[in-house]
Amino acid sequence: MAQQKKPSGLLRAFLTNHWGGAIFVFGFIHLVVGGYMVALTELPKKFGVETTGSIVEKKAVKVSRKSVAYRIIYRFEDRNGRIHEGETPVGQTFFRNSHDGDEIKAAYLSFMPSVHYIEGGASSGIGTLILLSGIGITLVSLFLLMLEHRKVRDGDEDNLLGIAKSS
Numbered sequence: 002m003a004q005q006k007k008p009s010g011l012l013r014a015f016l017t018n019h020w021g022g023a024i025f026v027f028g029f030i031h032l033v034v035g036g037y038m039v040a041l042t043e044l045p046k047k048f049g050v051e052t053t054g055s056i057v058e059k060k061a062v063k064v065s066r067k068s069v070a071y072r073i074i075y076r077f078e079d080r081n082g083r084i085h086e087g088e089t090p091v092g093q094t095f096f097r098n099s100h101d102g103d104e105i106k107a108a109y110l111s112f113m114p115s116v117h118y119i120e121g122g123a124s125s126g127i128g129t130l131i132l133l134s135g136i137g138i139t140l141v142s143l144f145l146l147m148l149e150h151r152k153v154r155d156g157d158e159d160n161l162l163g164i165a166k167s168s
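Next up, the structure:
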């Protein structure tokens, strides 16, 4: 019977260190989701087609007894003549200084007008936070995996599954 080849190096550490592997997958998912969210907010600002839109309506929605969320409903036209409407949260200063019918700057991706940026729109920063946490989690998991790899390589019996050094 042919002897089955054992995985070596970092792959072996990944397979033996279940916590490190799980943390790595969790961190990688954070990287993908955070990167996607950041791309959706930053791409129209940097590479979008600039246009002008207008404020259709302003809303001050009471969230709690002392808190109010400021939102505007906007409308802009893309270069194909299609009108896009939407609603976005805005800051209190922008809300107070703007009026229904005011012109606002907008930018959208030419191949996907649904991905757009509206001047004065409040960015939540959640995408950046998810991206940075994904980077941190992934680095920590790689560190754990490298430690486990060293233990397996050196034949240390203290590794997670007690795997002895292979000959």
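All letters in the sequence shown, in the order written, are residues 2 to 168 by the working numbering. Built from N, CA and C at the ideal position, the CB exists for glycine as well. Predicted model, so just to flag it, every value in this text is computed and none were measured.
- Taking the Cβ atoms as the reference, V39 lies roughly 6 Å from T129, within the contact range of under 8 Å.
- P90 is not a Cβ neighbour of R66, given a cutoff of 7 Å.
- H150 sits in a helix when the DSSP states are folded into three classes.
- Per the C-alpha coordinates, the member of H31, V141, T94 positioned closest to L132 is H31.
- Contact between the segment 140-154 and the segment 69-85 is not established, with fewer than three Cβ pairs separated by less than 8 Å.
- Checking the DSSP bridge columns, you'll see K46 has no partner listed.
- DSSP, reduced to helix, strand and coil, places F112 outside both helices and strands of the structure shown, so it counts as coil.
- Runs of the alpha helix (DSSP H) lying entirely within the segment 75-103 and spanning at least 4 residues, in chain order: 93-98.
- With fewer than 16 other CB atoms across the displayed protein chains lying within 10 angstroms of its CB, L140 is exposed.
- With a cutoff of 7 Å on beta-carbon distance, A107 and T52 are scored as near each other.
- Around I138, the same chain offers I24, F27, G28, H31 as residues with beta carbons nearer than 7 Å, after the five sequence neighbours per side are excluded.
- Within the same chain, L110, V116 come within 8 Å of L44 by CB-CB distance, once the 5 residues on both sides are set aside.
- Note on geometry: alpha-carbon atoms of Q93 and F144 lie some 44 Å from one another.
- The residue from N81, E86, K60 with its alpha-carbon nearest to that of Y118 is E86.
- Under DSSP, no beta-bridge partner is assigned to V57.
- Apart from sequence neighbours up to five positions away, the residues of its chain that approach H100 with a beta-carbon distance below 8 Å are I56, K59, ordered along the chain.
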